[in-house]
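Okay, so here's the structure we're looking at.
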Amino acid sequence: MISLNIPNMSCGHCKTAVEKAISSVDPSASIALDLDMRHVVVTTDVDAARVMDALKNAGYPATETA
Ligand SMILES: [Cu+2]
């Protein structure tokens, strides 16, 4: 499970773009996204670094939460 803050994620369009970026590295990832908190929890076997890389390339740099 990967817990991420995504400060740039501010609207429904961003939400879609973030979900798309995560799905691009793991189509079967389970994504729990909180737009108001700008936070997402991803359940996946893929490395956090790969997920964060895809998000960064999509324009949504993320930081891992503790
Ligand atoms: Cu947006």
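Residue numbers (our numbering): 1139 to 1204.
From the three backbone atoms N, C-alpha and C, an ideal C-beta is built for every residue, glycine too.
Please return the same chain residues whose Cβ sits closer than 6 Å to the Cβ of residue i, not counting the five positions on each side in sequence.
i     : result
A1159 : A1192, L1193 and A1196
T1206 : Only positions 1139 to 1204 of the chain appear in the structure, and residue 1206 is not among them; the question remains open.
A1170 : V1179
Buried or exposed: residue i, going by 16 or more other Cβ atoms within 10 Å of its Cβ?
i     : result
A1204 : exposed
A1200 : buried
M1139 : exposed
Is the beta carbon of residue i less than 8 Å from the beta carbon of residue j?
i     : j     : result
V1156 : V1179 : no
Y1198 : N1143 : no
E1202 : S1141 : yes
Taking the DSSP output, what are the residues bridged to residue i?
i     : result
T1201 : N1143
H1177 : N1143 and D1172
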